[in-house]
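All remarks here apply to the structure that follows.
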Amino acid sequence: MITLSDIEKVYQTKTIETVALQRVNLAVPKGEFVSIMGPSGCGKSTLLNIMGLLDVPTSGVVTIDGQPIKSYKDKELAHIRNEKIGFVFQSYHLVNDLSVLDNVELPLLYRSGVSGSERTKLAKDALEKVGLSARTKHFPNQLSGGQRQRVAIARALIGNPAIILADEPTGNLDSVMGEEVMNILLDLNRNDGTTIVMVTHDENMAHKTERLVRFFDGQQVSDSKVFDLQTV
Amino acid sequence: MIKHLFKLVWNRRRANFLMIMAIFFSFLVLFGTISVLVNSWQNYKKPLGFEPERIWYVNIQHYQTPKDEVRVISEQLVRKLQTLPEIEHVALASGNAAYSGWSNMMGLTRGNLQRGINNVTIQGGDFKSTMDLNVVEGRWFQDGDEFSNQNPMVITQDIKQFFFGNESAAGKKLKSGDKEFTVIGVIEAYRTNGELNSDAGTFMRVSSLADTSRWVENTLYLRMKPGVTSGIEEKLLKEAGSVATGWKLDVKYMDQMRASYMKENLTPLLIFAIICAFLILNVALGIFGVLWYNINKRYSEIGLRRALGATANQIYKQFLGEILVLATLGLVLGSFFAIQFVLLDVMGMQPEVYYYALGISIVMIYLLVIVCAFQPSRQAAAIHPALALHEE
Ligand SMILES: Nc1ncnc2c1ncn2[C@@H]1O[C@H](COP(=O)(O)OP(=O)(O)O)[C@@H](O)[C@H]1O
Ligand SMILES: [Mg+2]
Chain W
8 MITLSDIEKV YQTKTIETVA LQRVNLAVPK GEFVSIMGPS GCGKSTLLNI MGLLDVPTSG
68 VVTIDGQPIK SYKDKELAHI RNEKIGFVFQ SYHLVNDLSV LDNVELPLLY RSGVSGSERT
128 KLAKDALEKV GLSARTKHFP NQLSGGQRQR VAIARALIGN PAIILADEPT GNLDSVMGEE
188 VMNILLDLNR NDGTTIVMVT HDENMAHKTE RLVRFFDGQQ VSDSKVFDLQ TV
Chain Y
274 MIKHLFKLVW NRRRANFLMI MAIFFSFLVL FGTISVLVNS WQNYKKPLGF EPERIWYVNI
334 QHYQTPKDEV RVISEQLVRK LQTLPEIEHV ALASGNAAYS GWSNMMGLTR GNLQRGINNV
394 TIQGGDFKST MDLNVVEGRW FQDGDEFSNQ NPMVITQDIK QFFFGNESAA GKKLKSGDKE
454 FTVIGVIEAY RTNGELNSDA GTFMRVSSLA DTSRWVENTL YLRMKPGVTS GIEEKLLKEA
514 GSVATGWKLD VKYMDQMRAS YMKENLTPLL IFAIICAFLI LNVALGIFGV LWYNINKRYS
574 EIGLRRALGA TANQIYKQFL GEILVLATLG LVLGSFFAIQ FVLLDVMGMQ PEVYYYALGI
634 SIVMIYLLVI VCAFQPSRQA AAIHPALALH EE
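Chains as they are written, first to last, in the numbering used here: chain W, 8 to 239; chain Y, 274 to 665.
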């Protein structure tokens, strides 16, 4: 579903050069749920941004759904992001001035040919999936962290993307709420076959996924089936 | 998308309220100022009907001179002045000329039509040549008209239009009370309120100085020859004094009268224009402020929208669109009040003036908003999504 070949990312500022990713080769097959772990600053977010076409690698090729990304033209990237990728962030990134329903509808606003009533219906369906049907008219600041993250997940899945990229989705949540969010992601993966790449600091969460990739200082240091880990 | 923009603006209404009010007030003041400007301009474009250059406007005071003598001396004075080489034409007539501040209205009727009209009585000399009037129909007064029992009158084009429409006016009658006048000619215009103001139209008639039933007009109109300067005023007064001993002649130059009229009328306009400029500057700064604030505060929202599939161009359009929605709200509110003004006819102008002013003000506000929002919106569109979404 996503393949990274020889990806390198170097951040160049006036004074320093930071190598965020080095020779990363990673293939995430369709339907897989992968966890990415590693210490802070090791390049996990950078990796996700490159997978999600939010950032351009310094070198290397990203292939999404069999299509290598050749040109990084804004319009094409935006289109792929909209059609194929759903994002979930640690700090939710909900628009505070929009109701829950409007927040969830956002991705469809950038998709042509979806009518207003269709958007509303799909947003309600998505909210139902995350168990928030009763909160459509609320505003983000009227919700708990766990609820907010569930809204963000509803927003990520409304466009029916093949891939969900989640950057520390439970990072701001206590264990109970984190558990809820994790279960939703697991359901999505199992029931809808959505490919999920999740960055996490939580070993417990990581061990619920199928595969765990560890990073250190911009490099992959291990890649294992979680099944293997548990038996070894 | 438009609905989404309205939603965003509405949900942020508290933050947007001041901006909408600023746009609303600027629009109203702009509308008022532009109405006056358009009105003045439309008046200015219309023919004045006479030529104020080189006209000396002379007010006469007769003091103790007995009435009968005033009539004789006035006649002699006109004749004397006509002989002076510096003077092209002379007329003795009522003083209600443009820029003089005088008016002399009289009601005229024809059937059911009636209208108050400015009334000029000519008592000597050649008023048409002096003022350079333009006869467009019929004829000007000729000798003997002052004694005619037909009461000949010359009217301006707008009066003719009012009473006779497109028909010819010559030979037709107009009444003032019991007195009946006969129209003998139509002149293009004689705007006694000056070029920036509208007026009610004018009619002219002649009377003889010998006619003791009428008072003696005490304003002389002198058309000086080109190149004649105010330096000859003293000589002129001396010549006049040789005929009209003991009278006082007070000379004003019509082009100067006109200049001060212009100044008096344009100064308030200028002040309003300056107020407008300040309000507009205020709106401009407000838009900049709101947008910069928005872009900083909504940094992550921009990143998020990009992640969800918005192109840079769509971000640009969104920010521009939000400001346009704000402007539209301010303008709708403003237009509502502006239209009330128009319906109540607070400013007393032609309806078309308001339509022009409304159109011009709306376009100006939109242009202003677009110009101010352009750069910040571009900036918002240029924000890198990965940076905007970056979290520690
Ligand atoms: N925009 C940037 N400019 C410069 N350096 C950056 C930028 N973004 C990330 N980095 C650096 O790249 C490295 C990896 O960052 P990041 O991918 O955010 O790490 P993680 O998500 O694993 O904590 C860090 O050293 C970070 O400081
Ligand atoms: Mg990170």
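Think of the CB as a built atom: it goes at the ideal place given N, C-alpha and C, for glycine as much as any other residue.
Roughly how many angstroms lie between the CA atoms of residue 316 of chain Y and residue 527 of chain Y, to the nearest whole one? 19 Å
Measuring CA to CA, which of W:202, W:143, W:185 is closest to residue 209 of chain W? W:185
Based on DSSP bridge pairs, tell me the residues matched to residue 40 of chain W. W:203
In the DSSP assignment, find the beta strand (DSSP E) that holds residue 277 of chain Y and state where it starts and stops. Counting along the chain, residue 277 of chain Y falls outside any beta strand (DSSP E), though it belongs to the alpha helix (DSSP H) covering 275–284.
Counting only the same chain and skipping the five closest in sequence on each side, list residues whose C-beta sits under 8 Å from that of residue 57 of chain W. 11, 14, 16, 28, 63, 64, 69
I need the boundaries of the beta strand (DSSP E) containing residue 521 of chain Y, first residue and last residue. 521–526
Return the CA-CA distance between residue 287 of chain Y and residue 471 of chain Y, expressed in angstroms with no decimal places. 45 Å
Would residue 407 of chain Y pass as a contact of residue 320 of chain Y if the rule is Cβ separation under 9 Å? yes
Going along chain W, which residues have a C-beta under 8 Å from residue 652 of chain Y? Ordered by position in chain W, no residue passes the 8 Å Cβ test against residue 652 of chain Y, which lies about 16 Å from the chain.
At a Cβ cut of 9 Å, what residues of the region 87–111 of chain W count as close to chain Y, listed as they run along the chain? 87, 88, 89, 90, 92, 93, 94, 96, 97, 98, 100, 101, 102, 103, 104, 105, 106, 109
Which residues have a Cβ closer than 5 Å to any heavy atom of ligand 1, listed in chain order? W:18, W:25, W:27, W:47, W:48, W:49, W:50, W:51, W:52, W:53
Could you please give me the residues that DSSP links to residue 392 of chain Y through a beta bridge? Y:476
Between the region 535–555 of chain Y and the region 356–371 of chain Y, do three or more beta carbon pairs fall short of 8 Å? no
For residue 19 of chain W, name the three-state secondary structure that DSSP assigns. strand
If we define contact as Cβ-Cβ less than 9 Å, is residue 227 of chain W a contact residue for chain Y? no
Say whether the region 525–539 of chain Y touches the region 610–617 of chain Y, bearing in mind that this needs 3 or more beta-carbon pairs closer than 8 Å, one atom from each stretch. no
Can a CB atom of chain W be found closer than 9 Å to the CB of residue 584 of chain Y? yes
Along the region 74–85 of chain W, where does the CB come closer than 9 Å to a CB of chain Y? Name the residues. 81, 82, 84, 85
Classify residue 492 of chain Y as buried or exposed, calling it buried when 16 or more other Cβ atoms lie within 10 Å of its own Cβ. buried
Based on DSSP bridge pairs, tell me the residues matched to residue 635 of chain Y. Answer is none; residue 635 of chain Y lacks a bridge partner.
If we ignore side chains and look at the alpha-carbon of each, how far apart do residue 87 of chain W and residue 110 of chain W end up? 20 Å
Does the Cβ-Cβ distance between residue 465 of chain Y and residue 586 of chain Y come in under 9 Å? no
Got a sec: is the Cβ-Cβ distance from residue 53 of chain W to anything in chain Y below 9 Å? yes
Show which residues of chain Y have a CB atom less than 7 Å away from the CB atom of residue 62 of chain W. 659
Report yes or no: do the region 126–139 of chain W and the region 160–171 of chain W share at least 3 C-beta pairs separated by less than 8 Å? yes
Is the separation between the beta-carbon of residue 197 of chain W and that of residue 42 of chain W shorter than 9 Å? no
Using the DSSP secondary-structure output, state which residues sit across from residue 230 of chain W in a beta bridge. W:220
Residues of the region 112–138 of chain W with a CB closer than 8 Å to any CB of chain Y: list them in chain order, please. 113, 114, 116, 117, 118, 123
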